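Visitor: These protein sequence lines map, in sequence, to chains A and B.
For the first sequence, full-length UniProt numbering gives the first residue as 1, with consecutive numbering after it.
For the second sequence, full-length UniProt numbering gives the first residue as 1, with consecutive numbering after it.
Protein chains: 2
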Amino acid sequence: MGKEINSIPDIIISRLPVYYQHLKRLQDSTKEYISSEELAELTGFSSSLIRKDLSYFGTFGRKSYGYDVFCLFQQLSIIMGFNYKKKIIIIGAGHLGQALAYNKGYRERGYQLVSIFDKNPKLIGLVINDIEIQSINNLEEFMENNKINVAALTVPGGAAQKIADRLTAAGIKAIWDFTEVPLQVPDDVLLEEQLINEGLCKLSVKMNQIRINNSETTEDLNCGKK
Amino acid sequence: MGKEINSIPDIIISRLPVYYQHLKRLQDSTKEYISSEELAELTGFSSSLIRKDLSYFGTFGRKSYGYDVFCLFQQLSIIMGFNYKKKIIIIGAGHLGQALAYNKGYRERGYQLVSIFDKNPKLIGLVINDIEIQSINNLEEFMENNKINVAALTVPGGAAQKIADRLTAAGIKAIWDFTEVPLQVPDDVLLEEQLINEGLCKLSVKMNQIRINNSETTEDLNCGKK
DNA sequence: GTGATATTGTTAAAAAAATAACATACTCTA
DNA sequence: TAGAGTATGTTATTTTTTTAACAATATCAC
């Protein structure tokens, strides 16, 4: 009961969505088998790494053929737990929250969007993609009557911690956080920080690197001190 | 000219936005100095790792005090290239594209959103957050008259590669891709795949892990073969 | 000033991750 | 059925990353 062994290394988990994405696309093709070498071509990971990652979960390949495209996709779905049904709610029906309501990624991953909450009276009652926005006042009651697995948090930064506290008090065990505010949650609550601007940051750093490398000056940063 | 040395390890780049986020928040506090130990508390990284990361870029700390909160934030901005002005456009004015138009993260990172493009005549002319949506037909002409640094791609998957081709042909050097479709771009184009559902995947995997660990059965996956 | 304390920057050690190598097993041709 | 060819799963090696340790230096109390 609750043994902490057998936990997949984060680094492998981080590659699973990439494998999944490519395998999903391959479902539409006529390709029946794919080798680790071809998968490496697609994903940018080395073939060796791919074989190692997959072998972590079992033996899915066929010698001298490669991996059955359909079968591997199914297995990935199982590994990622997509065959288990999960209910998700969105807290905060601003622009981002509404966009998330239209997100098409839920179903195939086993998620069902069941409600959207907001405190703005102008938004309450509005129907977004067949889901009616309801008052945040109803949150606790709703969660008591519906087993919710994940809450997507798209409220303004200032409200984030307070809502997180209410969610955890109401028994949530996983939060998908878009607020860019560092949240404090109990240890047994999974917290996935979705830094929406992370890509912008990385691009900026890399463009800056290129700029610096192109100019010759090797400026050494320090804080105005020797 | 174009030497590839001095490129920051990806693993360090991936932590920079986290440091930045916390330092930004600390600007509002009265805290003048912060130690690597306190920063570790906030970020979840070890103090040793934080000191090492920062020392990669220079020496910013003060012995027995820690890091000047304001100064370190400024330095991080410089390291991440936020003091360089960059122009960004959004391609695809659907729900996600529009939400991105309202994103408040651009300015502080040195980005200026200058236009939104779509092919849908019903959207063209609509003003989102002071930016008028224009026809995708104008893309090439617009890019010729404006030096654009980054394009955010929020078009439907089917259109993604075609738009990416047009962007690169028009000289873009960085794409922030939300399409969840694997894109092919020339080597000298930076591509940042923003898998919007990555967090959902990770949560699903982890919830599944917990479920499996709580039940005792050690099922061994394989593909229906011995 | 002196000694006690604090915290960095850096070096050394440990751990984790990625790559390379290869034995094994399967397929296909003739 | 033998032999050439192929691609896995796994072991060995290398590389990268993280943690631990500590010397150096600055601060502060007295």
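In this text, a Cβ means the ideal position worked out from N, Cα and C, and glycines have one as well.
If you're wondering where the values come from, they're calculated on a predicted model, not measured in any experiment.
1. Kindly indicate the opening and closing residues of the alpha helix (DSSP H) around Ala40/B.
2. Can you give me the Cβ contacts of Ser7/A inside the same chain, cut-off strictly under 8 Å, excluding the 5 residues immediately before and after it?
3. From Tyr102/A to Leu139/B, what distance separates their C-alpha atoms?
4. Let me make sure I understand the geometry here. Which of Phe60/A, Lys85/A, Trp176/A and Leu200/A has the alpha-carbon closest to that of Val150/A?
5. For Asp187/B, which option in Ile172/B, Glu198/B and Leu200/B has the closest C-alpha, if you only look at C-alpha atoms?
6. Secondary structure at Lys86/B, three-state DSSP: helix, strand or coil?
7. Determine the burial state of Ser46/A: buried for a count of at least 16 other Cβ atoms within 10 Å of its Cβ, exposed for fewer.
8. Classify Thr59/A as buried or exposed, calling it buried when 16 or more other Cβ atoms lie within 10 Å of its own Cβ.
9. Assuming Arg51/A and Ser64/A are in contact, meaning their beta carbons sit under 8 Å apart, how far apart are those beta carbons, in whole angstroms?
10. Do Gly199/A and Val181/A have their C-beta atoms within less than 8 Å of each other?
11. Quick test of your reading: Gly66/A and Ser204/B, contact by CB under 8 Å. State the CB separation rounded to the nearest angstrom.
12. Indicate whether at least one CB of chain B lies closer than 8 Å to the CB of Leu203/A.
13. Excluding the 5 residues flanking Ser215/A on each side, which residues of the same chain have their C-beta closer than 6 Å to its C-beta?
14. Please say whether His22/A and Ala99/B have beta carbons closer to each other than 8 Å?
15. Which same chain residues end up closer than 8 Å to Tyr33/A when comparing Cβ atoms and leaving out the 5 residues on each side of it in sequence?
16. How big is the Cα-Cα spacing for Leu26/B and Asp53/B?
17. In terms of DSSP beta bridges, what is Ser115/B paired with?
18. Asn120/B to Ile136/A, Cα distance in whole Å?
19. Counting along the chain, where does the alpha helix (DSSP H) carrying Gly157/B start and finish?
20. If the criterion is Cβ atoms closer than 8 Å, does the pair Ile79/B and Leu16/B meet it?
21. Below 6 Å CB to CB, which residues in the same chain sit around Phe57/A once its five sequence neighbours on both sides are set aside?
22. Alpha carbon to alpha carbon, how far is Ile133/B from Cys223/B? Give it in angstroms, no decimals.
23. Apart from the five residues on each side of it in sequence, which residues of its chain come closer than 8 Å, Cβ to Cβ, to Arg166/A?
24. Can you pull the DSSP bridge partners for Ser7/A?
25. Roughly how many angstroms lie between the CA atoms of Gln184/B and Lys24/A, to the nearest whole one?
26. Give a yes or no on whether 8 Å exceeds the smallest Cβ distance from Ser7/B to chain A.
27. Which residue from Leu49/A, Leu123/A and Gly110/A puts its Cα closest to that of Asn208/B?
28. Can you tell me whether Pro9/A is buried or exposed, with buried defined as 16 or more other CB within 10 angstroms of its CB?
29. Using DSSP with H/G/I as helix, E/B as strand and the rest coil, what is Asp53/A?
30. List the endpoints of the continuous beta strand (DSSP E) containing Ser135/A.
31. How would you list, in chain order, the residues of chain A whose beta-carbon sits under 8 Å from the beta-carbon of Met80/B?
32. How close, in whole Å, do the beta carbons of Val114/B and Asn145/B come, if the pair is a contact with beta carbons under 8 Å?
33. Whose Cβ in chain B lies nearer than 9 Å to the Cβ of Glu192/A?
34. My understanding is that Met143/B touches Ala170/B, with C-beta atoms under 8 Å, so please give their C-beta distance in whole angstroms.
35. Is Gln184/A helix, strand or coil by DSSP?
36. Does the beta-carbon of Gly92/A have 16 or more other beta-carbons within 10 angstroms, so that it is buried, or is it exposed?
Guide: According to the structure shown:
1. Ser36 to Thr43
2. none
3. 26 Å
4. Considering only alpha carbons, the answer is Trp176/A.
5. Ile172/B
6. strand
7. exposed
8. exposed
9. That pair is no contact at about 14 Å.
10. no
11. About 26 Å; that fails the 8 Å criterion.
12. yes
13. The beta carbon of Ser215/A lies closer than 6 Å to none in the same chain, with the five residues before and after it left out.
14. no
15. Arg62, Tyr65, Gly66, Tyr67, Asp68 and Val69
16. 19 Å
17. Ile89/B
18. Approximately 35 Å between the Cα atoms of the pair.
19. Following the DSSP letters along the chain, one finds Gly157/B inside the alpha helix (DSSP H) bounded by residues Gly157 to Ala169.
20. yes
21. Ile79
22. Bear in mind that a pLDDT of 46 at Cys223/B, under 50, signals an unreliable position, so the number given afterwards is only what the model happens to contain. Those two C-alpha atoms are separated by around 49 Å.
23. Leu139 and Glu140
24. Paired residues: none, contrary to the question.
25. 17 Å
26. Yes, contact with chain A.
27. Gly110/A
28. exposed
29. helix
30. Ile131 to Ser135
31. Here the neighbours are Cys201, Ser204, Val205 and Asn208.
32. Their Cβ separation, rounded to whole angstroms, is 11 Å, which puts Val114/B and Asn145/B out of contact at 8 Å.
33. Glu198, Gly199, Leu200, Lys202, Leu203 and Lys206
34. 4 Å
35. coil
36. buried
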